[in-house]
Structure formats: structure tokens, C-alpha cells
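First comes the structure, then the notes that go with it.
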Amino acid sequence: MKSNAEESGQTWIMRNRMGLVTFAALLAYALFLHWAFGLGELADRFQAIGVLPLAVALILLVSTYALRCWRIADYFPEETRGQFRRLLRLTLVHNLLNIMLPMRTGETSFPLLMRSEFAMPLARTTAALLVMRLLDLHALLAAAGVGLVIRQDWAVWAVFAWLAFVLAPLPAFALKRPILRLAKKLPTKLETLVAEIERGLPAGPAAFLRAWAATLINWGVKVLVLAWVLALMDVTPIAASFGGALGGELSSVLPVHAPGGVGTYPAGIVAGSVSFGASAARDSLESLGKAAVNAHLLILVSAFVGTALAVLIAPRKR
Numbered sequence: 000m001k002s003n004a005e006e007s008g009q010t011w012i013m014r015n016r017m018g019l020v021t022f023a024a025l026l027a028y029a030l031f032l033h034w035a036f037g038l039g040e041l042a043d044r045f046q047a048i049g050v051l052p053l054a055v056a057l058i059l060l061v062s063t064y065a066l067r068c069w070r071i072a073d074y075f076p077e078e079t080r081g082q083f084r085r086l087l088r089l090t091l092v093h094n095l096l097n098i099m100l101p102m103r104t105g106e107t108s109f110p111l112l113m114r115s116e117f118a119m120p121l122a123r124t125t126a127a128l129l130v131m132r133l134l135d136l137h138a139l140l141a142a143a144g145v146g147l148v149i150r151q152d153w154a155v156w157a158v159f160a161w162l163a164f165v166l167a168p169l170p171a172f173a174l175k176r177p178i179l180r181l182a183k184k185l186p187t188k189l190e191t192l193v194a195e196i197e198r199g200l201p202a203g204p205a206a207f208l209r210a211w212a213a214t215l216i217n218w219g220v221k222v223l224v225l226a227w228v229l230a231l232m233d234v235t236p237i238a239a240s241f242g243g244a245l246g247g248e249l250s251s252v253l254p255v256h257a258p259g260g261v262g263t264y265p266a267g268i269v270a271g272s273v274s275f276g277a278s279a280a281r282d283s284l285e286s287l288g289k290a291a292v293n294a295h296l297l298i299l300v301s302a303f304v305g306t307a308l309a310v311l312i313a314p315r316k317r
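As numbered in numbering that gives the first Met the number 0, the sequence shown has no gaps in its residue numbers, which increase by one up to the final residue, 317.
Right, here's the structure in full:
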């Protein structure tokens, strides 16, 4: 028969198993980095960039979290009015869980947090999350598309193709009403669910345009900052820096995502940079790998700093 202490210990482990797995992965990652590159050498690369550029990059990355929070506040103005600080904490906690938990399991925290903090139905917030993630993926590809345009020397056809892709969500949103009309022909038992899903979609063109613009600005800033940091760490040509930023961020939004992005995020940066023109020679790949690891560490630091600030300024839960 198990003692109370043993049962309590097992319960604690089960309750915190995801956090323990994440901590173990980060610890193993740190040991691997020290063995493969040397933590001192990675620190020297940060030092070579300089304190001011790193501080600017960190401030810009943290500011994108505030923009994401504004997008949610504008998406649900009635439910979140006057609660921006609480919503900012929710946004940052959700972002950190997304980064630290494997296989996109952190996404499930958003509907649960919105229900806990603002008493919102799961169907409505899940529908909103799906729309925002589709906009995120589109904006990420659009921001990184600048690198493709640069690689084509600003060819007219490349610019127009990029513009057509950037504007693609507009006709897609126009299909909202026909699809909802079809959905309302579903059995009566599903009418409530369909109604909640509809409330989770942008109410009209103006609301959609605001969410779309905020998403484009958010990801545009993030990709530009990452591309700039990679360029400062000698990732060339400039198109390869954009490709690296795209590869890293794509690795974090796709299902194959390790805890904390350990391994997958730097690998995405390397793959994206090589795809966009970076040299695949052995020495170049080694330098690129170090730059990718440092860029990943910068993303992790921005997430931790943002979450810490949000927790500090957020009011106590009522």
C-alpha cells in the first residue's frame, strides 16, 4: 500500500509533467549547445552584435506581443473592455505555453484562458483562434515573401505576385456569408454551435481589416527584426536572412514543434536560409547554425521578458 507521501509525489509529477518535460528538453539543449558550439562562443556572438542593437531587437519583439493583445481586444471589444492589462497577461501566457509545450498543444490554452478570465464560450474563442492563426500564417508568408522579391531583384512579376498574395484574404473573407448560410442548414441541434462560431468570426469588413492589418504589422516587424539580427550575425545574402526568419517561425506554427522550439527552430532557420541562397558549404553551415541558435535564444528571451512584464503589471484576478 502506497503512503500519502508517495501518492502526493506522483500526483505532483503528473500535474507538472509537461513542465518537467520542457525543463528537461531545455537542459538537454543547453548541454548540447555547450558540447557542439560552446556557450562562451555563442555569448561572444551576442557581444559582437552590440548591446544597443540587441536591446532594440528585444524591445521590438516584445512590442509585437502588445499588438497581438490589441488584436484580441479589438476582436472582442464588449467582453474585454477596460481589461487590457489582464488580456495582455493572458496573451503572453498563451504565447509562452505555445513556445514551451510540444506539438502545438499550447494552442488549447487560449480558449480555456478566455473562458476562465472572461467567461467566453469555447466555440467562439476557438473559431476566433482559427481565424487568427490563418491570418498569422498568411502574414508570415507575406513578410518573408519580401526576401523572394529581393532575390528576384525586384522583378515586376515578383512584386505583383507578392501583392496578389498579400491581398488574398480579402476575397476569402467575402465567402463568409455564403458559407454561413450553408452552415445554417445543419440540424437544429447544431444551430447554437454555428451561432457561437459565427460570433467568433470578424463581425464585418471593418473588423476584419483591422485584424488583418494588425497581423501584417505584427509579423512584418517580427520577421524584419529576425532578418536584421541574422544579417548582423553574417547570414548572407539578405534574402537568406528573410528565409531564415521564415523557416524559424514556420517551424513554430507547424505541428512538428519541439518543447521550446529546441532543435526545430534553429533547424528551420538553417533550412530557410539555405533555401533562400545561403551557402551550404561546411564552414558556412557551421556559422549559420550558431547564428540560428542565437536567434532562437533571442526569441525565448523575448517571450520570458514579455511574460514577466505582463504578470507584473496585470491586476489581480477578480
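Note that beta-carbon positions come from the ideal geometry of N, C-alpha and C, so glycine has one too.
- M232 sits in coil when the DSSP states are folded into three classes, being neither helix nor strand.
- Under the three-state reduction of DSSP, G49 is assigned to coil, being neither helix nor strand.
- Taking a 10 Å sphere around the C-beta of W153, we find fewer than 16 other C-beta atoms and assign the residue as exposed.
- Sequence-distant partners of H295 (beyond 5 residues in either direction) whose C-beta falls short of 8 Å from its own C-beta, in its chain, are G247, G260, Y264, P265, I268.
- Secondary structure note for S278: it is in no alpha helix (DSSP H), with a DSSP letter that is neither H nor E.
- Pairing V155 with S115, the inter-Cα distance amounts to about 50 Å.
- Minimum Cα-Cα distance from T124 among the listed residues V300, A138, T107, T214 corresponds to T107.
- With a cut-off of 8 Å on Cβ pairs, the segment 205 to 223 is not in contact with the segment 84 to 92, counting fewer than three such pairs.
- With contact defined as three or more Cβ pairs closer than 8 Å, the segment 232 to 241 and the segment 266 to 286 are in contact.
- The C-alpha of L140 is placed about 32 Å away from the C-alpha of R80.
- In this structure, the beta-carbon distance from I98 to L86 does not fall below 8 Å.
- Membership of P120 in any alpha helix (DSSP H) is not indicated, and neither H nor E is assigned to it by DSSP.
- In this structure, A244 keeps its C-beta atom at 8 Å or more from the C-beta atom of L231.
- Put simply, the backbone Cα of A213 is about 8 Å away from that of W69.
- Counted as a single uninterrupted DSSP element, the alpha helix (DSSP H) harbouring E78 occupies residues 76 to 79.
- Judged by their CB atoms, A138 and L57 are not nearer to each other than the 8 Å cut-off.
- Sequence-distant partners of F109 (beyond 5 residues in either direction) whose C-beta falls short of 7 Å from its own C-beta, in its chain, are H93, T124, L128.
- For A210, same chain residues with a beta-carbon under 8 Å away, outside a window of 5 residues either side, are R70, D73, Y74, V130, M131, L134, P201 in chain order.
- For W161, the uninterrupted alpha helix (DSSP H) segment begins and ends at 155 to 165.
- With fewer than 16 other Cβ atoms from the protein chains shown falling within 10 Å of its own Cβ, I312 counts as exposed.
- Sorting V50, L59, I48 by C-alpha distance to the C-alpha of S301 places L59 at the top.
- Annotation for V261: no alpha helix (DSSP H) segment contains it, and DSSP assigns it neither H nor E.
- Note on geometry: alpha-carbon atoms of G262 and R176 lie some 42 Å from one another.
- The criterion of a C-beta distance shorter than 8 Å is satisfied by L136 and V252.
- Pairing R44 with A205, the inter-Cα distance amounts to about 45 Å.
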